[in-house]
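**Student:** The working numbering puts the first residue of the sequence shown at 11, with every later residue one more than the last. Yeah, the Cβ is synthetic: ideal placement off N, Cα and C, and Gly gets one too. Sharing a structure with you now.
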Amino acid sequence: MAKSFGAWAFLIGVILAVVIGLISGGEISALWTAVLAVIGLIVGLLNVTDKEVTPFMMAGIVLVIASGFGGDVMKSVPLASGVLNAINILFVPATIIVALKSVFSLAKD
């Protein structure tokens, strides 16, 4: 049940990030920032199993770096900048949660 909820949270989060990014024109409100961040936390907590940690971290780190730099570079194209920033808002909390879970797992062993 939690796994399917996490999968739905991921799908809804990505779609919402794209829509919010397109609508916002680069300026994402505090409410939508909070919504995306909470969905990111849910994705990090429920959607990544122990065997998926390494691939998720690699993809998450690349996505956060690329969307962070891309959002800055694409400021002259507000739609692209908004989408990249919204994706960053979604994936930063998810990546941090998965990294913390991985560190705790290593410390536990």
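With distances taken Cα to Cα, identify the nearest neighbour of G35 among L94, V113, A117, N98.
**Tutor:** Nearest of L94, V113, A117, N98 to G35, Cα basis: L94.
**Student:** For my contact list, A19 and I71 are in at a C-beta cut-off of 8 Å; report their separation, rounded to the angstrom.
**Tutor:** With 8 Å as the limit, A19 and I71 do not qualify as a contact, their Cβ atoms being about 20 Å apart.
**Student:** Please report how far the alpha carbon of T43 lies from the alpha carbon of L116, in whole angstroms.
**Tutor:** Looking at the two C-alpha atoms, the distance is approximately 31 Å.
**Student:** I'd like the ranges of any alpha helix (DSSP H) spanning at least 4 consecutive residues and lying wholly in the region 33 to 87.
**Tutor:** Within the region 33 to 87, the complete alpha helix (DSSP H) runs of at least 4 residues are 40 to 56, 63 to 83.
**Student:** Taking all protein chains shown into account, do 16 or more other C-beta atoms lie within 10 angstroms of the C-beta of P103, making it buried, or fewer, making it exposed?
**Tutor:** By the neighbour-count rule (16 or more Cβ atoms within 10 Å), P103 is buried.
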